[in-house]
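Residue numbers (the working numbering), protein chains in the order written: chain A, 1 to 387; chain B, 388 to 636. Quick reminder that beta carbons are idealized off the backbone N, C-alpha and C, glycines included. Following: one structure in structure tokens, then a few remarks.
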Amino acid sequence: MSNTSQAVACPECISRISTLRLAVGGFGLLVGIVAVLGLLTGGHETFNTSSQLTWGLPVSTYVFFVLTSTGLTFVASLAMVFGMKDFYPIAKRCVWGAVVTLVIGFISLGLEIGNPLRMLWVIPTNMAVSSPMWWMGLFYTTYLALLVWKFLTINKGDWDSPQSTAIGIASFVAVVFAHATLGSVFGMMAMRPFWYGPMVPVYFLITAFLSGLAFIMLFINLDYGVNQENMSPGAARAMSRQLPLIFAIVLGLVIVFTLAKTITGLWSNVPENRIVTQHIVASPLFWFELLPGMLLPFVLMLTKMRHDAKVQVVSGGLVIVALFIGRYEYVVGGQLIPVFKGAWFDDLTPYSPSMTEIGVVVLAISVGILLYAFGDKKLNLSDAPNQ
Amino acid sequence: MAKWGMVIDLAKCTGCQACSTACQMENNRLPGENYQDVLYYAERKQPAPTLKWFPRPCMHCEEPSCMHVCPTKATFKTEDGVVLIDWNKCIGCKYCMIACPYGVRFYTDEKPLIEPNIKDVFKGSGDLSWNPPYKGPQQDNAHGVGIQPHGVVSKCTFCYHKVSKAPKGTADLSNDNAALREYVPACVRTCAPTARYFGDLDNPNSQVNRLISERRGVRLLEHTGNKPQVYYLGGAGAVPGFNRPDNKS
Numbered sequence: 001m002s003n004t005s006q007a008v009a010c011p012e013c014i015s016r017i018s019t020l021r022l023a024v025g026g027f028g029l030l031v032g033i034v035a036v037l038g039l040l041t042g043g044h045e046t047f048n049t050s051s052q053l054t055w056g057l058p059v060s061t062y063v064f065f066v067l068t069s070t071g072l073t074f075v076a077s078l079a080m081v082f083g084m085k086d087f088y089p090i091a092k093r094c095v096w097g098a099v100v101t102l103v104i105g106f107i108s109l110g111l112e113i114g115n116p117l118r119m120l121w122v123i124p125t126n127m128a129v130s131s132p133m134w135w136m137g138l139f140y141t142t143y144l145a146l147l148v149w150k151f152l153t154i155n156k157g158d159w160d161s162p163q164s165t166a167i168g169i170a171s172f173v174a175v176v177f178a179h180a181t182l183g184s185v186f187g188m189m190a191m192r193p194f195w196y197g198p199m200v201p202v203y204f205l206i207t208a209f210l211s212g213l214a215f216i217m218l219f220i221n222l223d224y225g226v227n228q229e230n231m232s233p234g235a236a237r238a239m240s241r242q243l244p245l246i247f248a249i250v251l252g253l254v255i256v257f258t259l260a261k262t263i264t265g266l267w268s269n270v271p272e273n274r275i276v277t278q279h280i281v282a283s284p285l286f287w288f289e290l291l292p293g294m295l296l297p298f299v300l301m302l303t304k305m306r307h308d309a310k311v312q313v314v315s316g317g318l319v320i321v322a323l324f325i326g327r328y329e330y331v332v333g334g335q336l337i338p339v340f341k342g343a344w345f346d347d348l349t350p351y352s353p354s355m356t357e358i359g360v361v362v363l364a365i366s367v368g369i370l371l372y373a374f375g376d377k378k379l380n381l382s383d384a385p386n387q
Numbered sequence: 388m389a390k391w392g393m394v395i396d397l398a399k400c401t402g403c404q405a406c407s408t409a410c411q412m413e414n415n416r417l418p419g420e421n422y423q424d425v426l427y428y429a430e431r432k433q434p435a436p437t438l439k440w441f442p443r444p445c446m447h448c449e450e451p452s453c454m455h456v457c458p459t460k461a462t463f464k465t466e467d468g469v470v471l472i473d474w475n476k477c478i479g480c481k482y483c484m485i486a487c488p489y490g491v492r493f494y495t496d497e498k499p500l501i502e503p504n505i506k507d508v509f510k511g512s513g514d515l516s517w518n519p520p521y522k523g524p525q526q527d528n529a530h531g532v533g534i535q536p537h538g539v540v541s542k543c544t545f546c547y548h549k550v551s552k553a554p555k556g557t558a559d560l561s562n563d564n565a566a567l568r569e570y571v572p573a574c575v576r577t578c579a580p581t582a583r584y585f586g587d588l589d590n591p592n593s594q595v596n597r598l599i600s601e602r603r604g605v606r607l608l609e610h611t612g613n614k615p616q617v618y619y620l621g622g623a624g625a626v627p628g629f630n631r632p633d634n635k636s
């Protein structure tokens with residue numbers, strides 16, 4: 001199984017969609033650069049964040065994309081770590097997608113923090129092991145290195161040599177630790193009751209998996225012209241049979257988690273939790289997240305329509321939007337009541353992202369789209385081992 | 388080595404904001420980024436709501452959560468118990484601002500609270516985010532003292548440029564002792580009703596220790612485990628509790 005060749009039924013579909021992606025990514029990049037010019041001239045004063053609400057849209061975007069990367073690695077690991085061979089035809093795409101989404105997250109975070117370049121020497125030289133963020137940096141950097149190594153290995157046609165398998169297992173382990181430490185960055189903050197709790201890493205784990213699955217449902221179907229007949233037989237089998245079921249199960253769990261979190265929040269006697277949850281529930285964003293964003297795709301996945309590529313694209317897209325809203329609500333929600341002042345301060349901290357913050361996100365996503373299109377054009381992402 | 392701490396007597400505090408003003412002058416602070424502030428709030432017991440106030444510096448905690456979460460050890464605790472930031476190590480991730488239960492940390496590059504932006508009027512260059520015509524303490528980036536650079540977090544230093552020069556073995560730094568007046572933090576020195584006391588919490592004979600013990604000094608948000616080195620006097624009614632009153636208008 002070390003030499004690879006997997007026929008793609010419709011190479012021109014991939015070529016068409018990746019050319020379209022290059023155009024969209026290029027345009028987005030230009031828009032992003034124009035919006036981010038403000039950052040170069042006005043610095044972070046062009047952000048709408050403040051000392052009361054410190055982490056805004058760029059941080060929630062970072063959380064969303066690095067957890068999506070986690071989810072994509074989980075799906076790739078189904079084949080490469082857990083031996084579920086049906087997933088091999090989409091594994092290489094998942095690994096490249098994981099690299100790309102991680103890069104998007106890092107760009108978004110890098111443009112948000114004050115001195116990103118200083119990180120390169122002060123983090124490794126100071127060994128701040130008491131900080132969850134230090135561990136998060138360590139594991140995500142290790143994960144990125146292993147992911148790139150794994151991609152290079154399978155790109156050379158080595159899918160299952162002992163070394164290739166070991167790298168796959170190591171990257172899976174690294175990302176489990178990485179997502180858990182990211183969960184701890186929020187979950188260990190006892191002074192912010194909306195975030196605090198031992199279940200945060202578990203919540204991140206399950207939503208990360210869903211995020212990865214949703215990206216696959218959307219992007220892999222788009223890659224093949226929203227028609228599974230254009231896929232290789234193995235990829236079509238994985239996309240039409242196993243994946244929708246796994247997607248439905250994980251989506252069902254996330255819906256339960258979201259409802260439980262919301263209901264306990266609304267009935268909590270911790271004001272920081274109850275007031276913020278009431279605020280979130282009063283927003284149309286929440287209802288979009290819950291109803292068309294998660295419940296509708298879940299119902300669709302319970303019917304036979306789940307095998308249909310178009311339904312998968314719509315469901316994947318809706319879930320991606322829902323999860324993005326969820327990350328934003330979570331990150332911003334933990335800061336809506338200013339610390340300490342919140343003991344008697346009546347109003348929630350106002351926040352809506354500035355054009356520069358939106359530009360940072362557009363820029364990061366556009367770079368991701370370009371990287372993904374580059375992968376499609378140059379790296380033969382449809383490759384899979386002969387079985 | 389001393390363990391510097393502060394006692395604030397809420398029964399004497401008039402909410403005059405002289406402490407905030409002195410701190411602004413001493414440390415070149417701008418509106419919205421006051422190291423030391425007096426918070427005003429109304430206790431809404433209808434039909435007669437009462438206006439109250441509460442002075443709030445950095446608590447210089449014994450177990451500072453801001454220090455523990457810092458991924459670069461930029462936030463550190465000195466041997467004499469003061470929590471400071473090394474601006475040469477700060478990457479501006481703002482995790483410390485997230486983790487501080489008291490909301491007393493400030494990021495350099497934020498939208499100005501009032502226009503025109505004073506930083507645009509006195510533009511900085513090089514390592515200085517702005518360049519006011521009068522600069523108080525000598526620049527000391529390694530201890531977070533002076534004009535902050537771009538992209539870093541800053542906070543109250545207990546006027547470290549003053550207190551660190553106090554003679555060893557000093558029990559209390561107060562205006563009463565003319566020889567020590569230069570070492571007294573600006574907010575303590577300027578407090579007209581003498582509501583603030585500053586001294587060595589490890590010295591059993593210090594006035595701060597005596598006040599804490601005789602008048603049952605309390606610390607804020609004890610449940611977070613941060614163990615502030617700032618104590619408040621004035622009875623339970625004067626110190627705001629943990630629970631937020633459910634009176635959202």
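In the three-state scheme derived from DSSP, where H, G and I count as helix and E and B as strand, residue 446 of chain B is classed as coil.
Under the DSSP definition of a beta bridge, residue 394 of chain B partners with B:584, B:618. With contacts defined by Cβ atoms closer than 8 angstroms, residue 617 of chain B and residue 392 of chain B form a contacting pair.
At least one C-beta of chain A is nearer than 8 angstroms to the C-beta of residue 457 of chain B. Among the residues of the region 255-268 of chain A, none has a Cβ less than 8 angstroms away from any Cβ of chain B. Distance from the CA of residue 113 of chain A to the CA of residue 277 of chain A, rounded to the nearest whole angstrom, comes to 28 angstroms.
Distance between residue 490 of chain B and residue 429 of chain B, taken at the CA atoms: about 19 angstroms. By the neighbour-count criterion, in which 16 or more other beta carbons inside 10 Å mark a residue as buried, residue 521 of chain B falls on the exposed side. In terms of CA proximity to residue 484 of chain B, A:51 leads the group A:123, A:119, A:51, A:73.
Neighbourhood of residue 480 of chain B in chain A, by CB distance below 7 angstroms: 113, 133, in chain order. In this structure, the beta-carbon distance from residue 332 of chain A to residue 144 of chain A does not fall below 8 angstroms. For residue 492 of chain B, the uninterrupted beta strand (DSSP E) run begins and ends at 492-494, by DSSP. Just so you know, the alpha carbons of residue 334 of chain A and residue 186 of chain A end up roughly 9 angstroms apart. In this structure, residue 361 of chain A and residue 58 of chain A form a Cβ contact; the two beta carbons are roughly 7 angstroms apart against a cut-off of 8 angstroms. Between the alpha carbons of residue 266 of chain A and residue 256 of chain A lies a distance of about 15 angstroms. Annotation: the continuous beta strand (DSSP E) that includes residue 463 of chain B extends over 462-464.
Excluding its 5 nearest sequence neighbours in each direction, residue 543 of chain B has C-beta neighbours in its own chain below 7 angstroms: 422, 423, 444, 445, 491, listed in chain order.
According to the DSSP secondary-structure assignment, residue 471 of chain B is paired through a beta bridge with B:463. The same chain holds no residue with a CB closer than 6 angstroms to that of residue 281 of chain A once the five nearest residues on each side in sequence are set aside.
The C-beta separation of residue 92 of chain A from residue 154 of chain A comes to about 6 angstroms, placing the pair in contact by the 8 angstroms criterion. Under the three-state reduction of DSSP, residue 328 of chain A is assigned to helix. Around the CB of residue 223 of chain A, 16 or more other CB atoms lie within 10 Å, so the residue is classed as buried.
When the five nearest sequence neighbours on each side are left out, the beta carbons in the same chain lying within less than 8 angstroms of the beta carbon of residue 188 of chain A are those of 132, 196, in order along the chain. Straight through space, the alpha carbons of residue 324 of chain A and residue 303 of chain A are spaced by roughly 25 angstroms. The C-beta of residue 600 of chain B has fewer than 16 other C-beta atoms within 10 Å across all chains shown, which makes the residue exposed.
Beyond the five residues adjoining it in sequence on each side, residue 312 of chain A comes within less than 6 angstroms, by CB distance, of 217, 221 in the same chain, given in chain order. Within the same chain, 471, 547 come within 6 angstroms of residue 530 of chain B by CB-CB distance, once the 5 residues on both sides are set aside. In this structure, the straight-line span from the alpha carbon of residue 205 of chain A to that of residue 425 of chain B is close to 42 angstroms.
For residue 355 of chain A, the nearest beta carbon of chain B is not closer than 8 angstroms to its own beta carbon. Residue 71 of chain A is positioned such that its CB atom lies closer than 8 angstroms to that of residue 211 of chain A. In the structure shown, residue 611 of chain B adopts helical secondary structure according to DSSP, grouped into three states. Residue 541 of chain B has B:493 as its beta-bridge partners, per DSSP.
Secondary structure in the region 552-598 of chain B: the alpha helix (DSSP H) runs of 4 residues or longer, each lying completely within the stretch, are 573-577 in chain order. Interface with chain B (8 angstroms Cβ-Cβ cutoff): residue 339 of chain A is included. Apart from the 5 residues on each side of it in sequence, residue 524 of chain B sits with its Cβ closer than 6 angstroms to the Cβ of 532, 533, 548 in its chain, given in chain order.
The residue from A:309, A:243, A:162 with its alpha-carbon nearest to that of residue 225 of chain A is A:309.
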